[in-house]
Structures are given as structure tokens and as C-alpha cells.
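To keep things clear, I will list the structure first and then write my remarks on it.
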Amino acid sequence: MHIPTILLCALLGVSGGCEEGADPCEAGTVETRACGFNSRGEESRECVDTSWGDWGTCDDPDACEDGSEQEESCGNGTRSRTCSSGQYADWSSCSDPGANFVAVCESEECALRADGQILVFPDQLIGEDIEKLSSGSLDVCGLGSTGAVSCWRLDTSTPQPLPSPSENFTEVRAYWYDVSNPSDSVVGCGLLASDSTIACWDHTGATITTGEWAPPSGTFKHVSVGCGVRTDGSLDCWAGEGNEGFPTVGTFSEVETNGDPSCALATNGTVECWRFGASHPAPQGTFTALGWNSGLTGAGTISRWSLDGIENGMPVPGTYTSIAGRCGVTPGGTIACWGGFGEACNQPLEQAVEGLEPANICGKCDVTVSFGEGEECACGGTFACDQGAEGYACKEGNETLETASALPATDDSVDDWQTVDSTLDVYDIDWFKVEVDDTFGGILEPEFRLVLPVGHVAELCGEYRDGTTAGDSACVTVTGGEPTILALDPDLGVGDGFAAMQIVYIGGADTCASYELSYRF
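Residue 454 in the working numbering is what sits at position 454 of the sequence shown, and the numbering runs on without skipping anything.
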């Protein structure tokens, strides 16, 4: 016999869940069902007093519905991205050619748009039919499709045209414009289209033929500030800070003397650097182009190096198609700049122009917020604004082994992972240290595990020391979403000591994220 639900609820004395059509249940029963954007998640509810409770939060591994699209404005056009396997792919190129940038100045005040005009930030357009550009301290020069050069001063409310040389060039490099002494200004240099020699000109547009800045004779294929790469690939420097200590052996394709140290790109992709008349430590790896203390790899990534010659460089998040100075252009035509030496924290990196992506300094939580040296960075927490060789950045104070964050002590009888959470930041190297009691007399199996959010990459290094004596150490690259374990050699044969763990951030979509570090012995 069928008993109506309302009558059944009354007979059972149920006080809740007896609305028309409610389904009675056995107390304590748990029910689950698929949920989420693509039904790959799960949610559950529990039966309480013969009535089902509310469905809980959906544990959905996806961020979007497969096949769905997002669209956003860029410049005067739009760009889109599509959801695949629950995650959005990279943004497409902007549909507005005028909003896309194809090249960037050596400094952060201007860029070349795809329509051949130079955008001087925040909103002034100059020039027409420009194909190449370069900026100095107070000037910018553009090279047109015919080889004609046009230059402007940028230290005024409206860029002021400067007299330009009458010759045609294949390459141009702006130097500087000295407002206090214009007659001593070297506005720019370039490679003459007629014979590939170097010509430099002053504030009147006249060619410089005498003095320190008169270039050497011979043919060249690249020119920088006071240095050039000759047609045979050899370097020659004649003026400026890069005129001493440059390599005299080897063949090169590019030279950059605006950074410190000065560096040259060899034809095999390696980099050689010099400073104060002597060679200087150079970054490892191979590159396709140089910026200021930075290089573009064949994979489109950018690494930076400091005065100390950091071996692996400081990575810049994202991928790029070109590099100049301290800025790069992404495949989508947007710009990212990462600042230079001595750049103050209270100088926002995000310029007032659509399509410009801020650099990732001080966490990228809100780079438009101003803050002073020594104050908390915009990303908050315990980070402090600190100046390093790569500029100002968020620092937690655990950037060296000597200042490593102390973790709870442990011993080799603990089999479970002990876990600590911390924050990713592109310029902040994290060191951790844990005291270890060797209770079994030398039977140690150090293991370290790092879990990163999807879209991030970092390097995890681990080491065990008996007192001050270094033991086994190793490093491994960790990709987000794939928990990675670094195991040192078992049975080290060392007694009580400590383990050290280092995390070096390589890149990702957003450095304001947390990682999970675990250890056991």
C-alpha cells in the first residue's frame, strides 16, 4: 500500500524535510553525486533523522566548462580564450592591430605598435611607418621602412622632434640627450645602409667625426652604446662605459652595454660579460637576444642576471617574442617590464595604457599600490620591500642558508610527512632548515616533497649536513599539479644534524600562490 510522504513523515515524527516530494532516508547514510563545470567534481549530503541534509560544496577540479569561451577588451579590439580539459588556454592575439606591440624601447617609456606608430606612455603617438625603434635616456629614435631615421626628445609634456641625419640606415640606436648641455649630446648612432659603417649624430643631426664618440672605420652588423659587432663577428668598443675589457677572441652577433655588466652574445648562443676592464661572470645557458642584464632564450623565456653573475639568472614569468632593455613583448602583443637597478618600490610598474602587463615585483598582488622602502609590499603578509641586485622585491628574510626558516625538529622514527605551507614569489628564494635526531644510528633516508599549484614551475633542492659537514645534496625541477619527491641517498652513515631545503621559483601565471613543502627521514 502506498503511504503519502506527508503522512509517512507524520507517522515517523520527522520534524524536517517533509515538504511535498521529500525522500525519507536512513540516518547516517551519505549520498554523493557528480557536479561541477564538466561533472568531474563530487558533492555529498548526509541523512540526519531520516531527512537528507543540504548538498555540500562541490569539489570541482575544473575552472571552466569545456568548450566555453571568454572574451575581453584589449586596446580597441578584443581577445579570447577557450576552455579545454577544465582550464582556460592562453589568450589569443588582440584583434586590434593598433593595440598590439611588436617592439619595445630599451627603457619603459615607449613601444612600437603594429600599425607603425610609437606609443609614448601613457597615451601619445608619434611617428609613422616605423619598423624599428630605440630609446636613450631622454630621446627615442625610429627607423622607417625606407631607412630614414626620426628622433624625439621625451622629457617634455609633448615629445619634441629632433633634427635627424639625412642618410638612410639599417639599424638605429638612440643614446642620450643632455638637456643641460645639448651641444655635447650624442643623440644616436646607426649602421649606414650604403656601406654598413657606423655613423653617430648630435642634437643638430650632424654627423660626429671627431672626439670620443667618433666611431671607428670598417663595416659592422650591430651597434650598441659605444660598442659594435663587426661584419666578421669580432667586437670593437670605442667609447662609453663598455670600452674596456671586452672580449677580443670569438665571434658575436649582438652586444649590450647599457646593462651592468656589459655583455655580448656569441654566435653559439652563449654570453660573455665584462666590467671595469676585466671579464665578469656570465649567465649559463644559451640565448637568442640580449636586454639589460637579461637574455631571451630559444623557448621564448627571459632570464636575468645580477652584478654577482647569478648562474641561472632570475626568470621573468611568461613567454616573449622580443626583448629590449628591461622589457619584453609577449606573443599576444602585450608588454611586460621588470624594472632596473635602484628602481624604488613606490614607483608603480603598471603604466597607464591598455594591454600593458605589469612586471612581477613584490608579488604581483597589486603593483599599483605605492609603498616605501622597508614597508610591507602590496602582497601583504610578512614580506618586506628589500633592494637586491635585481631591484626591489618582496623578501621574507630566508633567502640564504644562514637565515633559513626553522621548521619543527624531527627524527628518523617519524614515517609520516611533516608539511609546511609558504608563498611563491618570483624574486624570493626560500630556504628552510630542520634539525634531525638520528635515533637509529646512521640509517637516514631524507625525502623532500614539493606540491605547486597548476601553472607554476620551481626548483627544489635538498641537503643533509652532519653538524657543519655537508652530506648528500641534489635538486629537481617541480611542475605545478605534479607532487614531486626528491630523495637523497639512503643510509648516509651520518649522525644528528640538519636538513636544508631550498625553493627557487622559475615561473608561472601568478606568483601570489602557496606551495606545500613536506619532509621525512
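Where is the CB? At the ideal position from N, CA and C, for every residue including glycine.
{"Item": "Identity of the residue in Ser180, Ser145, Arg326, Ser185 nearest Leu162 by Cα", "Value": "Ser185"}
{"Item": "CB of Ala193 within 8 angstroms of CB of Thr170, strictly", "Value": "yes"}
{"Item": "In DSSP terms, what Val414 is bridged to", "Value": "According to DSSP, Val414 bridges with nothing at all."}
{"Item": "Stretch pair the stretch 267-275 + the stretch 246-253: three plus CB contacts closer than 8 angstroms", "Value": "yes"}
{"Item": "Coil, strand or helix - Ser522 by DSSP", "Value": "Not covered by the structure: residue 522. The range shown for the chain is 1 to 521."}
{"Item": "Short Cβ contact (8 angstroms threshold) for Gln117 with Glu128", "Value": "yes"}
{"Item": "Local conformation of Gly233 per DSSP, three classes", "Value": "coil"}
{"Item": "Close-in-space but distant-in-sequence residues of the same chain around Ser39 (CB under 7 angstroms, 5 per side omitted)", "Value": "none"}
{"Item": "Sequence-distant residues of its chain with Cβ nearer than 6 angstroms to Glu399 (five each side left out)", "Value": "Ile429"}
{"Item": "Own chain partners of Lys132 with C-beta closer than 8 angstroms, once the 5 adjacent residues on each side are dropped", "Value": "Ala103, Leu112, Gly142, Leu143, Glu171, Val172"}
{"Item": "Burial state of Ser85, where buried means 16 or more other Cβ atoms lie within 10 Å", "Value": "exposed"}
{"Item": "Touch test, the stretch 482-491 against the stretch 457-465, Cβ-Cβ under 8 angstroms, three pairs minimum", "Value": "yes"}
{"Item": "Cut-off 8 angstroms between Cβ atoms - residues of its own chain near Arg230, not counting five sequence neighbours on either side", "Value": "Gly218, Thr219, Phe220, Lys221, Asp236"}
{"Item": "Ile198 (DSSP reduced to helix, strand or coil)", "Value": "strand"}
{"Item": "Cross-strand partners of Ile503 (DSSP beta bridge)", "Value": "Asp430, Leu460"}
{"Item": "Cross-strand partners of Ala264 (DSSP beta bridge)", "Value": "Val255, Glu272"}
{"Item": "Rounded straight-line distance, which links the Cα of Gly136 to that of Glu256", "Value": "13 angstroms"}
{"Item": "Boundaries of the beta strand (DSSP E) in which Ala89 is found, first to last residue", "Value": "Looking at the DSSP string, Ala89 is not in any beta strand (DSSP E), and its letter there is neither H nor E."}
{"Item": "Endpoints, beta strand (DSSP E) assigned at Phe101", "Value": "101-104"}
{"Item": "Backbone CA spacing between Ser145 and Ala174 [nearest angstrom]", "Value": "17 angstroms"}
{"Item": "Distance between Ser196 and Gly233 (C-alpha atoms, nearest Å)", "Value": "13 angstroms"}
{"Item": "When Asn168, Ser166, Asn181, Val120 are compared against Trp152, the one with the closest alpha-carbon", "Value": "Val120"}
{"Item": "Exposed unless 16 or more other CB atoms sit within 10 angstroms - verdict on Cys227", "Value": "buried"}
{"Item": "Distance CB(Ser405)-CB(Leu517) smaller than 8 angstroms", "Value": "no"}
{"Item": "Residue burial classification, Ala34 (beta-carbon count within 10 angstroms, cutoff 16)", "Value": "exposed"}
{"Item": "Local conformation of Arg40 per DSSP, three classes", "Value": "coil"}
{"Item": "Start-to-end residues for the beta strand (DSSP E) that takes in Asp139", "Value": "139-144"}
{"Item": "Candidates Asp411, Ser413, Lys433: closest to Val420 by CA position", "Value": "Lys433"}
{"Item": "Tyr519 - DSSP class collapsed to helix/strand/coil", "Value": "strand"}
{"Item": "Endpoints, the beta strand (DSSP E) within which Val120 is located", "Value": "118-120"}
{"Item": "For Leu401, three-class secondary structure by DSSP", "Value": "coil"}
{"Item": "8 angstroms Cβ shell around Tyr320 - same chain, five flanking residues per side excluded", "Value": "Leu296, Gly300, Thr301, Ile302, Gly328, Val329, Thr330, Pro331, Ala336"}
{"Item": "Proximity winner among Asp496, Gly480, Asp466, relative to Ser413 (alpha-carbon distances)", "Value": "Asp496"}
{"Item": "Which of helix, strand or coil DSSP assigns to Phe448", "Value": "strand"}
{"Item": "Local Cβ density within 10 Å of Pro483, reported as buried at 16 or more and exposed below that", "Value": "exposed"}
{"Item": "Nonlocal neighbours in the same chain, by C-beta distance under 6 angstroms from Trp292, ignoring five residues either side", "Value": "Asn258, Gly259, Gly325, Arg326"}
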